[in-house]
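Novice: Residue numbers (my numbering), protein chains in the order written: chain A, 83 to 485; chain B, 83 to 485. No residue lacks a Cβ here, since even glycine has one placed at the ideal position from N, Cα and C.
Number of protein chains: 2
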Amino acid sequence: MTKALSDVTILDFSHLLQGPFATQLLGDMGANVIKVERPGQGDLFRTMTFFNEWVGGTESPNFLAWNRNKRSIALDLKSPDARAALMRMAERADVVVQNFRPGVMKRLGYGYEDFAKINPKIIYCSGSGYGEDGPYVTRPGQDMLIQGLSGLMAATGQADGPPVPVGAGFADQIGALNMVYSILTALYYRERHGEGQEIKVNLLAGLMQHQMQEYVAVLNFGRDFERPRSGIGHPGMEAPFGAYPTADGWVTIAMSPFKKLVEVLEAPDLAAYDDPAILYGQRDEIWRAIAEHTKKYPTAALMEKMLAADIWCGEVRTHSEAAQDPQVKHMGAITSYEHPTAGNVKTIAPAVSLSKTPPTIERHAPLVGEHTREVLGEFGFSEGEIEGLITSGAAAQAQAEAA
Amino acid sequence: MTKALSDVTILDFSHLLQGPFATQLLGDMGANVIKVERPGQGDLFRTMTFFNEWVGGTESPNFLAWNRNKRSIALDLKSPDARAALMRMAERADVVVQNFRPGVMKRLGYGYEDFAKINPKIIYCSGSGYGEDGPYVTRPGQDMLIQGLSGLMAATGQADGPPVPVGAGFADQIGALNMVYSILTALYYRERHGEGQEIKVNLLAGLMQHQMQEYVAVLNFGRDFERPRSGIGHPGMEAPFGAYPTADGWVTIAMSPFKKLVEVLEAPDLAAYDDPAILYGQRDEIWRAIAEHTKKYPTAALMEKMLAADIWCGEVRTHSEAAQDPQVKHMGAITSYEHPTAGNVKTIAPAVSLSKTPPTIERHAPLVGEHTREVLGEFGFSEGEIEGLITSGAAAQAQAEAA
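1. I need the DSSP call for residue 161/A, collapsed to helix, strand or coil.
2. Which residues in the same chain as residue 333/A place their Cβ atom closer than 8 Å to its Cβ, once the five residues preceding and following it in sequence are excluded?
3. Taking only beta-carbon atoms, is residue 416/A less than 9 Å away from chain B?
4. Exposed or buried, residue 444/A, counting other C-beta atoms within 10 Å across all chains shown (16 or more means buried)?
5. Can you pull the chain B residues whose beta carbon is under 9 Å from the beta carbon of residue 305/A, in chain order?
6. List the residues of chain A that residue 323/B touches, going by C-beta distances under 8 Å, in chain order.
7. Would you list, in chain order, the members of the region 181–208 of chain B that have their beta-carbon closer than 7 Å to a beta-carbon of chain A?
8. I want to verify the contact list: residues of chain A whose CB lies under 7 Å from the CB of residue 143/B, in sequence order.
9. Would you mind giving the Cβ-Cβ distance between residue 144/A and residue 229/B, rounded to the nearest angstrom? I have them listed as a contact below 8 Å.
10. Under 9 Å, Cβ to Cβ, is there at least one residue of chain A near residue 399/B?
11. Can you give me the start and stop residues for the alpha helix (DSSP H) that residue 102/B sits inside?
12. In chain order, what residues of the same chain lie with their CB nearer than 7 Å to the CB of residue 130/A, ignoring the 5 residues before and after it?
13. Relative to the C-alpha of residue 415/A, which candidate in 288/A, 338/A, 404/A has its C-alpha closest?
14. Are residue 246/B and residue 239/A close, meaning C-beta to C-beta below 9 Å?
15. Quick check on DSSP: helix, strand or coil for residue 129/A?
16. Kindly indicate which three-state DSSP category residue 93/B falls into: helix, strand or coil?
17. Can you tell me the Cα-Cα spacing of residue 91/A and residue 115/A, whole angstroms?
18. Below 9 Å between beta carbons: does that hold for residue 441/A and residue 112/A?
19. Where do the ends of the beta strand (DSSP E) carrying residue 123/A lie?
20. Measuring straight from C-alpha to C-alpha, what distance separates residue 463/A and residue 197/A?
21. Could you tell me which whole alpha helix (DSSP H) segments of length 4 or greater appear in the region 349–399 of chain B?
22. Using a C-beta cutoff of 9 Å, does residue 446/A count as contacting chain B?
23. Between the alpha carbons of residue 87/A and residue 278/B, how many angstroms are there, rounded?
24. Around the Cβ of residue 184/B, are there at least 16 other Cβ atoms within 10 angstroms (buried) or fewer (exposed)?
25. With distances taken between CB atoms, is the gap from residue 165/B to residue 192/B smaller than 9 Å?
26. So if I threshold CB-CB distances at 7 Å, which residues from the region 264–281 of chain A count as touching chain B?
27. May I have a chain-ordered list of the alpha helix (DSSP H) segments no shorter than 4 residues that lie completely inside the region 248–279 of chain B?
28. Return helix, strand or coil for residue 453/B, following the three-state DSSP convention.
29. Helix, strand or coil: which one does DSSP assign to residue 460/A?
30. With DSSP as the reference, identify every bridge partner of residue 327/A, one or two as the case may be.
31. How about residue 151/A: is its C-beta nearer than 9 Å to some C-beta of chain B?
32. Just to confirm, are residue 222/A and residue 412/B a CB contact at a threshold of 9 Å?
33. How is residue 116/A classed by DSSP in three states: helix, strand or coil?
34. For residue 317/B, I'd like the list of residues in its chain whose CB is within less than 7 Å of its CB, leaving aside the five on either flank, ordered along the chain.
35. Checking contacts by CB at 9 Å: is residue 252/B closer than that to chain A?
36. For the region 85–116 of chain A, which residues have a CB atom closer than 7 Å to at least one CB atom of chain B, in sequence order?
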């Protein structure tokens, strides 16, 4: 099958989430992603998990999630021989991706200029928390910290409780998509004009851009959002927008003519609230009044009534419930791949559809150095050169492949 | 200044958030984005706002946020003359973007096949809530509803309170970035292989992909996340990960050696918790114990102590506080543009940096039909043809330009 990016080779020095999700998205489109890891431990995400459990007893769900469609080469970045090997590989590479703290790659001899000297057409993309200079340059750039700094947390949750971080990574994934946006833009430009360039992406700017409509409102109106004192779903929105209890769960109700909702709930006591100023000003009181009605119905019955009246609504599902959702099943959103040590790994399929070049899963998330010999061979290293690198400790080949 | 996408012309039929954010990102990189709007009201987002206020008294912050770097042409899609004009424009266009409900564009004669007949190299990208077929095809695909269906809301907030939607759009912005990812991939492929194609992006699959590590954990471990009963910041994380009160606000504390935190807080009573199983199993009790200590310090003093010990932490800021943050100022993340009726509009600058082709803001968000004459002229329509379209009502030119 034709893959859109099959002629794009990426040297991927990234770890944790931002860089790996970005290169996985490019790998899903067929890019030749070569993940450069330190021998032994490899990507730090391999050591992190949820619930203190491991897939197949040994593998991190976090790592498995963001590293399919890549091959791993284990190289000691501090070894001059490894550096020489990487620079030789860079002659044939199109893109370099990295998300170490600012300055680290340059100090090790892997900065943009180092690569551009070898290959002026290289596209070099760095990810950081807050950019590569300025007062926060030495601060750790972790996802939840950026949620707090960017205004997102202060706008989420209820006024009487703490500001609430999202129950999933957020800044990192947006950062990954901004890397993809920038790298693909630069690849297109290179096709047309023959030039490579340096790209810098940071999590804070990305999460601010994500909240552009909230910022435009706050900056131009000169007032901040205030978290509601109820299940209203956005600090700038009026009732009914929010999550409501049912007899056996929760539903969401978004913007819909309020009159219609009053009819569907058979709740004439709510009719008096049907005024834009009241729906905003008394939103918490209205949320509680609506909730008294919604909790009389089981979710399925309430959803049926509301959908019949074209009210914008939905079920609130857990992840395992979502996996059983009829539309999720119809879309084929859940899939799996075989992994040499973890066995069958359930995961999420590529999210987008391209008629001529569909994204696919062709490779499992690799073991550290699973493809060291194979990759070096493809880049023209002789058997003897490969053995020399491995013997000296500059490179390492995973045990698993030898088995 | 060189712009990476200056030779890419986009006919943009999209409205509200997903499509407009996508085409704005492409416009920031120099694409020639032509926003096709209905005469009169235009994009529905022009009628929606926060706080019941309007920028400059008339303009929607939501619309202003997502529509810079575009020109607007007002055309009545149902008019055969307008359709003929659009198909003539399509001969010279590279990309079509739309996010009407599934089937609408096709019924009106603007489906992928209609454009491909005129221009086989066209790239046609549709956005929807849940894909274009399946059991939810007629359901409204609004952002918060997708948060509920995808498992995100159930994983956010506290166990004793309602599931919490994020205090910002989420699914739509991710959908926009997935459009950009797909369109740029298809443009690159077209450069290499000469073929256009059809792209389909939906919000539900995108938000599931965003939560890939949570899904990999849940699907492979066979257990769902449970919301904490405290300010712990992720349902799968152990203490201290979360938001904590200070004497005058809130701070975030992410993963750090617990021992170091005990020392910094001068809180020997916390030392007994320093065990991975306890930090997860008793996380809510530990959160409360830590909070008793953090609330003794003003935010600035606590941050200084924690950063000195390299604890991963950050301030929790509102949007207007974030605008005053020293790093945000250093990055130049807040900028503005002049708008013909709203005056000076403060907004967020492009989030990414490309050394040779930096994204920039070249145009204000347009009035409905502000560029109808100009755009038709550029596409080779004669003065007489343009007048004919306007006189018949197939097209409209905004008053403002005439002034």
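Specialist: In short, the structure shows the following:
1. Residue state for residue 161/A is assigned as coil, using DSSP reduced to three classes.
2. 325, 326, 376, 381, 384, 385, 388, 395, 396, 397, 398
3. yes
4. exposed
5. 133, 135, 402
6. Per Cβ cutoff of 8 Å: 226.
7. Against chain A - using a Cβ distance shorter than 7 Å - the region 181–208 of chain B contributes no residues.
8. 295, 298, 299, 302, listed in chain order.
9. Not really, about 21 Å apart at Cβ, beyond 8 Å.
10. yes
11. Counted as a single uninterrupted DSSP element, the alpha helix (DSSP H) harbouring residue 102/B occupies residues 100–110.
12. 142, 144
13. Residue 415/A has its Cα closest to that of 404/A, out of 288/A, 338/A, 404/A.
14. yes
15. helix
16. strand
17. A direct Cα-Cα distance of roughly 6 Å separates residue 91/A from residue 115/A.
18. Contact annotation: residue 441/A and residue 112/A have beta-carbon atoms nearer than 9 Å.
19. Residue 123/A -> no beta strand (DSSP E), and no H or E assigned at all.
20. Distance from the CA atom of residue 463/A to the CA atom of residue 197/A, rounded to whole angstroms, is 19 Å.
21. 358–363, 365–376, 381–390
22. no
23. 14 Å
24. buried
25. yes
26. Shown in chain order are the members of the region 264–281 of chain A whose Cβ falls below 7 Å from a Cβ of chain B: 264, 266, 267, 268, 269, 270, 271, 273, 274, 277, 279, 280, 281.
27. 253–275
28. coil
29. helix
30. 332/A
31. no
32. no
33. strand
34. Here the set comprises 237, 307, 308, 309, 310.
35. yes
36. Taking 7 Å as the upper bound on Cβ-Cβ separation, chain B lies near residues 86, 87, 89, 107, 111 of the region 85–116 of chain A.
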